[in-house]
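Numbering (our numbering), first residue to last: 1452 to 2014.
The C-beta atom is built at its ideal place from N, Cα and C for all residues, glycine as well.
Here the structure is laid out as structure tokens; the discussion comes afterwards.
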């Protein structure tokens, strides 16, 4: 492996805020001449329901301008899930880093879950009502013996998104109550594994869906395209989507199941819309016998889906996900290790860059970029930048450093990323990689720089731009919600017809070729069609019966569809 000195990417460690793996940092608030915020971090960072007896919740209150903690802080901490309060109490800490032991306990019989929660610690003499434990100040290395209060209750007994609200009641001195309370919301995701099976000729094939968002339901396997589909509750209203950082789901299938064997590529769909390749990551590395396919659907992806489907999707209360395996492809690759930026000594990070050999000069090539640690494990929650260099002229052709100047670096949550890069012509190119660090605090353990050379030939022309909508394998499940609301009178005829017209025009809802009538489109919709819609939504009639009703509307000119 060859290491080439890099001078094209500036080495800057940003002052970041935003959601991270097992942690979150809120946007700062002005406080005197400071910009103060809180960072919430869980340890372990990737928690799965049922696999831990306890976890540590670290809350740090600090000035983002100096990266220094404020001391003698009184915190009001609340834990919420799905709009329900699970815990609320005051805590005190001397050095601005509060560590709390969280102990999940299932089986709450109270109406309000918070009434099952108990707290460990003693009231601090200078901060009335705030819990405190005498002992050594907590660090990352002494959590088993340091002084920290505890919360025991129905916390992390169910997977999904948890909101941790932190109010700073006092700071610098425990007797100094702030005139205006500083309030922050942070979010962490807890995983939950659900078991499903694919029927086969010999035996059932086990499939695990690991959800970080909410319970999944309606698991289906379609033999016609070997696809896996499921859904889960989701609020598509623009106000809510704007709050979501990422929706993370994992699908785990044995590599011995031929359609999901190692080397397979995949396409993913959300509510019938094909998602960008960067939102669908294939991990054949973590397990010898299992492929993991990640749906990592960011706020940007959610906004694009809403834009594609229009306002008819805003009232939808479900997210439908679909995974479709593709044919196996031949990949080229290059691999290199990183060195530190001071002494250029090797660090424990190896980078692999691979791409479909059918791509070549003139193509926008999707490059898979994977980061391995010293044990060949994936490095999670890594931040990096990448530059494409013409090796002959040493000219930088493209650079990718992420979209947020205050949170520098592309974030590869699972240690895998995909970047689409236009290759102008045949020849040799150099990829320069700079890793800033991992996690919200940019831990430098795996940071470094390195380069790899690739050779790009002519395009084979075998790659095509994929369609952006679901292939003709049925009607998207979420359309049933619209049909039910129409049948119940919650939306009027015009709104329903306009929504169906849009879906047919955009090729999201597929119907057989139908001769279009010449009426003005103002005719009244027969009652039987509305009844059909309601029965179809309830599952009393099949898809074909519902589609026949739509064909009738088109034939009669009641609904017009433009190509």
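If we count the other Cβ atoms within 10 Å of its Cβ and call it buried at 16 or more, is residue i buried or exposed?
i: residue 1827; result: exposed
i: residue 1511; result: buried
i: residue 1931; result: buried
i: residue 1479; result: buried
i: residue 1516; result: exposed
i: residue 1448; result: Residue 1448 cannot be examined here, being either before or after the span of the chain that is shown, 1452 to 2014.
i: residue 1533; result: exposed
i: residue 1688; result: exposed
i: residue 1794; result: exposed
i: residue 1833; result: buried
i: residue 1776; result: buried
i: residue 1490; result: buried
i: residue 1669; result: exposed
i: residue 1782; result: exposed
i: residue 1818; result: buried
i: residue 1650; result: exposed
i: residue 1725; result: buried
i: residue 1838; result: buried
i: residue 1578; result: buried
i: residue 1911; result: exposed
Compute the distance between the beta-carbons of residue i and residue j, then report whether it is under 8 Å.
i: residue 1898; j: residue 1798; result: yes
i: residue 1601; j: residue 1580; result: no
i: residue 1842; j: residue 1880; result: yes
i: residue 1883; j: residue 1820; result: no
i: residue 1664; j: residue 1683; result: yes
i: residue 1796; j: residue 1873; result: no
i: residue 1878; j: residue 1907; result: yes
i: residue 1477; j: residue 1623; result: no
i: residue 1565; j: residue 1603; result: no
i: residue 1722; j: residue 1748; result: no
i: residue 1801; j: residue 1823; result: yes
i: residue 1697; j: residue 1717; result: no
i: residue 1830; j: residue 1889; result: yes
i: residue 1492; j: residue 1760; result: no
i: residue 1934; j: residue 1984; result: yes
i: residue 1514; j: residue 1486; result: yes
i: residue 1753; j: residue 1692; result: yes
i: residue 1642; j: residue 1503; result: no
i: residue 1895; j: residue 1811; result: no
In the structure shown, what three-state DSSP assignment does residue i receive?
i: residue 1787; result: strand
i: residue 1950; result: helix
i: residue 1711; result: helix
i: residue 1719; result: strand
i: residue 1985; result: helix
i: residue 1555; result: strand
i: residue 1607; result: coil
i: residue 1479; result: coil
i: residue 1733; result: strand
i: residue 1895; result: helix
i: residue 1768; result: coil
i: residue 1996; result: helix
i: residue 2006; result: helix
i: residue 1592; result: coil
i: residue 1888; result: strand
i: residue 1826; result: coil
i: residue 1814; result: coil
i: residue 1945; result: helix
i: residue 1797; result: strand
i: residue 1842; result: coil
i: residue 1706; result: coil
i: residue 1542; result: strand
i: residue 1938; result: helix
i: residue 1761; result: coil
i: residue 2011; result: coil
i: residue 1879; result: strand
i: residue 1621; result: strand
i: residue 1955; result: helix
i: residue 1778; result: coil
i: residue 1978; result: helix
For the ligand NAD, any of its heavy atoms closer than 7 Å to the Cβ of residue i?
i: residue 1505; result: Inclusion of the ligand NAD in the displayed structure is not the case, the ligand content being empty and no account of it being possible.
Kindly provide the ranges of any alpha helix (DSSP H) runs that are 4 or more residues long and lie completely inside the stretch 1648-1693, ordered along the chain. With a minimum length of 4 residues, the continuous alpha helix (DSSP H) runs that stay inside the stretch 1648-1693 are 1689-1692.
With a threshold of 8 Å, are at least 3 pairs of Cβ atoms found where one atom belongs to the stretch 1664-1682 and the other to the stretch 1700-1709? Touching, yes, given that three or more Cβ pairs across the two stretches are closer than 8 Å.
Check whether the stretch 1518-1531 and the stretch 1546-1563 are in contact - that is, three or more C-beta pairs closer than 8 Å. Contact holds between the stretch 1518-1531 and the stretch 1546-1563, because three or more Cβ pairs, one in each stretch, are under 8 Å apart.
Contact between the stretch 1850-1865 and the stretch 1766-1781 (3+ Cβ pairs under 8 Å): Under the three-pair Cβ rule at 8 Å, the stretch 1850-1865 does not count as touching the stretch 1766-1781.
Say whether the stretch 1888-1908 touches the stretch 1728-1745, bearing in mind that this needs 3 or more beta-carbon pairs closer than 8 Å, one atom from each stretch. No, the stretch 1888-1908 does not touch the stretch 1728-1745.
Could you tell me whether the stretch 1650-1662 touches the stretch 1698-1705, where touching means 3 or more Cβ pairs closer than 8 Å? Yes: the two stretches touch, three or more of their Cβ pairs being nearer than 8 Å.
Would you mind listing the beta strand (DSSP E) stretches within the stretch 1479-1508 that are 3+ residues and don't spill past its ends, in chain order? The qualifying runs are 1480-1482 and 1485-1494.
For the stretch 1851-1876, which segments carrying the beta strand (DSSP E) assignment without a break, of at least 3 residues, lie completely within its bounds, in sequence order? Listed in chain order, the complete beta strand (DSSP E) runs (minimum 3 residues) inside the stretch 1851-1876 are 1861-1863 and 1867-1873.
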